[in-house]
Every structure is written in structure tokens, then in C-alpha cells.
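Trainee:
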Amino acid sequence: MPAPCMSVCWSLQLVLFLLQLLGQRKVLADCGCNDANRGGHSESTSHHGAAFKYSREANEPESSKKTTQAQVYDQMVLLPSGVFSMGTNEPAIPQDGESPARRVNLDSFYMDIYEVSNKEFAKFVKATGHVTEAEKFGDSFVFEGLISEDVKSNIHQAVAAAPWWLPVKGANWRHPEGPDSNISDRMDHPVLHVSWNDASAFCKWAGKRLPTEAEWEYACRGGLENRLFPWGNKLQPKGEHLANVWQGEFPTQNTGEDGYVQTSPVTAFSANGYGLYNMVGNAWEWTSDWWNTHHTADETTNPKGPSSGKDKVKKGGSYMCHKSYCYRYRCAARSQNTPDSSASNLGFRCAASAV
Ligand SMILES: *[C@@H]1O[C@H](CO)[C@@H](O)[C@H](O)[C@H]1NC(C)=O
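So in my numbering, the last spot in the sequence shown is 338, and the numbers never skip.
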């Protein structure tokens, strides 16, 4: 039996070792669904409801429908310009900079209907030969509950503040839980283990860009003003699950009551008022903004966040989010990671300017 001090020292040594290992790639994990920092779409082309109403197809003049550019905007919706309340005056997690609520004016823009799927990302990799940062670094962060005993037995480090995150050698988008896992039955799930840099490269290749945080949040709210979730204020209206989050006791027990223990297809659950799927839950989504927790209440137009920073903003929470740990599957919620970080619950979708 180690003396208490010994185990503390040992933990500190582990942390130091890990920090050294990761160099600049700071390890930060303050909650259950936040990632350790390193230091889509689907086949169903829905022509119904909001997705179609706001689609490029429904809004474009006949003449431009056949252009290549039209293909770029395939699987996107055109969101109307407008003004909305970004953030909230009733922050659930004040230290994340959720407040104050501020009026934000946005030009019309396109937003991907779905999170970028493995299938879409595979097309990009095939076309460009892109090697993700997780592949270059040789590891990525994986939620402990998903790792096989075999892989786990070879890991001797953990993130002190969030022991459920383990750096797994060989974990990357093709092998989300490590070398002994694959995505063959998950091609329609969100691509994971992509860094901000990887996500930006994908969007650029697709003729798109990452959404700003303001655009992302506007899209999340689906035209509703000041609600918690993309559909309203009740997490489960009439008992129905409308997003892929954690049910059970985090991090030990995941009942998968919503139908998914891990990620779900990017087409799962219902679309919000703008026809967008999985804006909260499933996978965190990168935005283009640098992270900052201090905002003025001044009204702004097309804000793009701070001009520089260390971390990038991610939004929406993930399948790992539980109210007890990480009540971040709300439109106003936010978190951050360094641009080279990747993890088993972090993906993205792209946006595009309308003009
Ligand atoms: C992928 O994983 C599944 C489930 O673990 C397994 O049955 C299958 O053989 C794997 N496929 C490849 C190509 O490794």
C-alpha cells in the first residue's frame, strides 16, 4: 500500500511527464465532456420541411442550379440574415463566458445541415492526401470508457483533472478508440479526432469555412429567441430524446437511453427550426473564433471573435455531456481547445458566406 504522499507525488510526476510529452499542447479538462487538449452528411437528401425551405435549391434562381458552385452548397441550408441574442444573462457555467446576452446582427450565410461524417472526411483525405494532426502526433485523446482492456493496459498516463481522458497511441479518425477499432460501421457518424487545423483544411477544400461562434449559435437556436436548446427549454419534451447526450452516471454508467452510447449518425434525431441536425450533443463542433471569456454587451454585426488567442471555441457539447458534469449541450454553452487538439468527441461542420 503506497503512503498517501507517495501516490500524490506519483500523480504529480505523471502530470509533469504528460505535460513534457505534450509540450505546448496543454492538457486541460475541467469537466466531463470537455476534451483534453493536445498539447456530413448522410445519404438521405431530405426535401421536406425547414431543411428544404432554407436550402440553396429552394432559394437559388433556376439558372445557377447546374453550376459546380451549387454542388459546394449541397447539403447546406441558407440561413436568413437577422439579429439574435447571443449568450445568456442566466449562465449555467459563468466561467465559460456564457454571459452577457448581447444583440448580434448576422448576414445571411450557409450552414451544413449535418456534422461532417466519416464518409465525407474520407473523400477529402482521398482527394488531398491530408494527414490529420492526430496521425502526425501518433496519438489522440480517447474517453476511457470506450477503450479496450488491451489498449488500456499499455497506457500509463492520464489527465489528472479528468482521468477519463487517455492519450491513446494510434487513435485517429480511422481508429477512434485506438488501433483495434475502426469506422466501417460508422461511416455516417461524425468524424472525430480532427483538430481545428484539420477541420479548417476540410472546409477550405470543400469551398467552405468554419462557422464563426456567432453563426454557429444563431444556427443552433433555429430561429427561437433565448431558449436553452435548439428546440426549446425542455431537454426531453414529452419524454422524447432530441439529442445524443449522456444518460446515467458520468463517467461510469452510460445507459444509452437515447439510443446511443457513443456517437450517432449525423442524421439522427430531429432537425431544428432551420433544418439543422445535431447542433447539440453527438460531437462538439469547432468554430473559427479564438477563445475569450469576456464579452461586452454592445450590439455587434458579424462578430468574428478576438483577433488572436491560444484556444479555439467549440460548441454544442457531445454524447459525453451530462448535466451533472458538463451542462454544455445548450446553444449558449461553449468550451475550448488548442487548435491542434483532437479527441473522441470532437468534430465539426462547415459554413459558407452567402455572397
Ligand atoms: C472493424 O471492426 C469490427 C467491429 O469491431 C470488426 O468486426 C471488423 O472486422 C473490423 N474491420 C476491419 C476491416 O478491421
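Using N, Cα and C, we set each Cβ at its ideal position, and we do this for glycine too.
1) Tell me, please, which residues DSSP counts as bridged to Tyr93.
2) Closer than 8 Å, CB to CB, is His172 near chain C or not?
3) Under three-state DSSP, which class holds Ser253?
4) Please identify the residue among Tyr201, His113, Asn328 whose C-alpha is closest to the C-alpha of Asn188.
5) Looking at the strands, I want to know which residues DSSP matches up with Arg192.
6) Between which residues of its own chain and Tyr93 is the CB-CB distance below 8 Å, once the five residues before and five after are set aside?
7) Measuring alpha carbon to alpha carbon, tell me which residue in Ser82, Val108, Ala197 is nearest Ser91.
8) Would DSSP call Gly215 helix, strand or coil?
9) Between Thr246, Ala315, Asn20, which lies nearest to Val99 when the distance is taken from Cα to Cα?
10) Please check the pair Ala177 and Gly330, which I expect to be a contact at CB under 8 Å, by giving their CB distance rounded to whole angstroms.
11) So what's Ser164 in DSSP terms, helix, strand or just coil?
12) Since Val151 is in the beta strand (DSSP E), which residue starts that stretch and which ends it?
13) My guess is that Lys297 and Ser318 are in contact by the Cβ rule of under 8 Å, so how many angstroms apart are they, rounded?
14) With contact counted as at least three CB pairs below 8 Å, one residue from each stretch, are the segment 219 to 239 and the segment 302 to 313 in contact?
15) State buried or exposed for His31, treating a residue as buried only when at least 16 other CB atoms are found within 10 Å of its CB.
16) Would Ser327 pass as a contact of Phe124 if the rule is Cβ separation under 8 Å?
17) Secondary structure at Gln(-4), three-state DSSP: helix, strand or coil?
18) Helix or strand or just coil, what does DSSP make of Gln78?
19) Using a Cβ-Cβ cutoff of less than 7 Å, which residues in the same chain neighbour Gly292 once the five nearest sequence positions on both sides are dropped?
20) State the beta-bridge partners of Asn320 as determined by DSSP.
21) To the nearest whole angstrom, what separates the beta carbons of Trp267 and Gly300, a pair I think is in contact under 8 Å?
22) Might you give, ordered along the chain, the residues of its own chain that have their beta carbon closer than 7 Å to the beta carbon of Asp13, omitting 5 neighbours on each side?
23) Specify, as a first and last residue, the run of the alpha helix (DSSP H) that Asp122 falls within.
24) Expressed to the nearest angstrom, what Euclidean distance is found between the alpha-carbon atoms of Asn101 and Leu175?
25) Among Val249, Val66, Arg86, which has the Cα closest to the Cα of His278?
26) Beta carbon of Cys304, beta carbon of Phe212: below 8 Å?
27) May I ask which residues mark the beginning and end of the alpha helix (DSSP H) holding Thr111?
28) Distance, Cα to Cα, Asn216 vs Asp294?
29) Alpha carbon to alpha carbon, what distance is there between Ala105 and Ser167?
30) Using DSSP with H/G/I as helix, E/B as strand and the rest coil, what is Ser271?
31) Taking C-alpha atoms, which residue in Glu127, Val108, Met262 lies nearest to Trp148?
32) List the whole-angstrom C-beta distance separating Arg332 from Asp95, where the pair is believed to meet the contact cut-off of C-beta under 8 Å.
33) Starting from Lys135, trace the alpha helix (DSSP H) both ways and give me its first and last residue.
34) Compare the C-alpha of Gly256 against each of Arg204, Lys109, Ser183, Ser271 and name the closest.
35) My output table needs one value for Leu329: the three-state DSSP class, helix, strand or coil.
36) Is Arg311 helix, strand or coil by DSSP?
Mentor: With the given structure in hand:
1) Leu61, Ala335
2) Annotation note: the requested chain C is absent from the structure, which comprises a single protein chain.
3) coil
4) In the sequence as displayed, the identity of residue 188 is Trp instead of Asn. Nearest option by C-alpha distance: His113.
5) Ala334
6) Arg39, Tyr56, Met59, Val60, Leu61, Leu62, Lys191, Ala334, Ala335, Ser336, Ala337
7) Ala197
8) strand
9) Thr246
10) Note that residue 177 corresponds to Val in the displayed sequence, not to Ala. Between Gly330 and Val177 the Cβ distance is about 6 Å, and since that is below 8 Å, they are a contact.
11) coil
12) 148 to 152
13) 5 Å
14) yes
15) Note on His31: pLDDT 42, under 50, position unreliable in the model; the coordinate value appears next. Classification for His31: exposed.
16) yes
17) Confidence at Gln(-4) is low in this model, with a pLDDT of 48, below 50, so its placement is unreliable and no value can be given for it.
18) helix
19) Trp273, Trp274, Asn275
20) Lys295
21) 6 Å
22) Confidence at Asp13 is low in this model, with a pLDDT of 39, below 50, so its placement is unreliable and the value that follows should be read with caution. Excluding residues within five positions, the ones whose Cβ falls inside 7 Å are Ala144.
23) No alpha helix (DSSP H) holds Asp122; the beta strand (DSSP E) holding it covers 122 to 126.
24) 8 Å
25) Arg86
26) no
27) 101 to 111
28) 29 Å
29) 11 Å
30) strand
31) Glu127
32) 4 Å
33) 132 to 135
34) Arg204
35) strand
36) coil
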